[in-house]
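Reviewing the structure listed below.
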């Protein structure tokens, strides 16, 4: 589901690893409510929670390529590449 709709109850019921790549626009809920619950799970080592403080909401999706992400800025290019790497590594390791 879309990260902005997650609740603490969702995290409590979740039975698979989670990857949240937060932008500067995401609420503190993730750090204070979702992450602590997910880190009590048996698969806690497979969860990924990473903050990208220079990136805007939607940077990994439709607001990324060709939209709000400024690929003339090296930090934006590096964050986008790191996000793709984080997501790829999550899918590889989460299902091992």
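In the working numbering, the protein residues as written are 87 to 182.
In this text, a Cβ means the ideal position worked out from N, Cα and C, and glycines have one as well.
* Below 6 Å CB to CB, which residues in the same chain sit around residue 174 once its five sequence neighbours on both sides are set aside? => Position 88 of the chain shown, counted from the first residue, corresponds to residue 174. The answer is none, since no qualifying residue turns up.
* Counting along the chain, where does the alpha helix (DSSP H) carrying residue 109 start and finish? -> The residue given as residue 109 occupies position 23 in the chain shown. Looking at the DSSP string, residue 109 is not in any alpha helix (DSSP H); the run it does join, the beta strand (DSSP E), is 105 to 109.
* Asked: Hey, quick one: how far does the alpha helix (DSSP H) through residue 178 stretch, first residue to last?
  -> The count along the chain shown starts at 1 and reaches residue 178 at position 92. It spans 160 to 180 - the alpha helix (DSSP H) in which residue 178 sits, taken as one unbroken run.
* To do: Going by CA-CA distance only, name the one from 171, 130, 109, 118 that's closest to residue 144.
  => In the chain shown, residue 144 corresponds to position 58, counting from 1. For residue 144, the closest of 171, 130, 109, 118 by C-alpha to C-alpha distance is 109.
* Where does residue 134 fall in DSSP's three states? -> For this step, residue 134 is matched to residue 48 along the chain shown. Three-state result, residue 134: strand.
* To do: Look at residue 176 and residue 105 and say whether their C-beta atoms are less than 8 Å apart.
  => One-based indexing of the chain shown puts residue 176 at position 90. One-based indexing of the chain shown puts residue 105 at position 19. Yes.
* **Inter-residue CB distance, residue 140 and residue 111 (contact presumed, cutoff 8 Å)** => Taking the chain shown and counting its residues from 1, the one referred to as residue 140 is at position 54. Taking the chain shown and counting its residues from 1, the one referred to as residue 111 is at position 25. Not really, about 11 Å apart at Cβ, beyond 8 Å.
* **Straight-line gap, residue 146 to residue 169 (C-alpha atoms, nearest Å)** => Looking up residue 146 in the chain shown gives position 60. Looking up residue 169 in the chain shown gives position 83. One C-alpha to the other measures close to 7 Å.
* What number of angstroms, rounded off, separates the C-alpha of residue 120 from the C-alpha of residue 157? -> Locating residue 120 in the chain shown gives position 34, counting from the first residue. Locating residue 157 in the chain shown gives position 71, counting from the first residue. Computed Cα separation, rounded: 31 Å.
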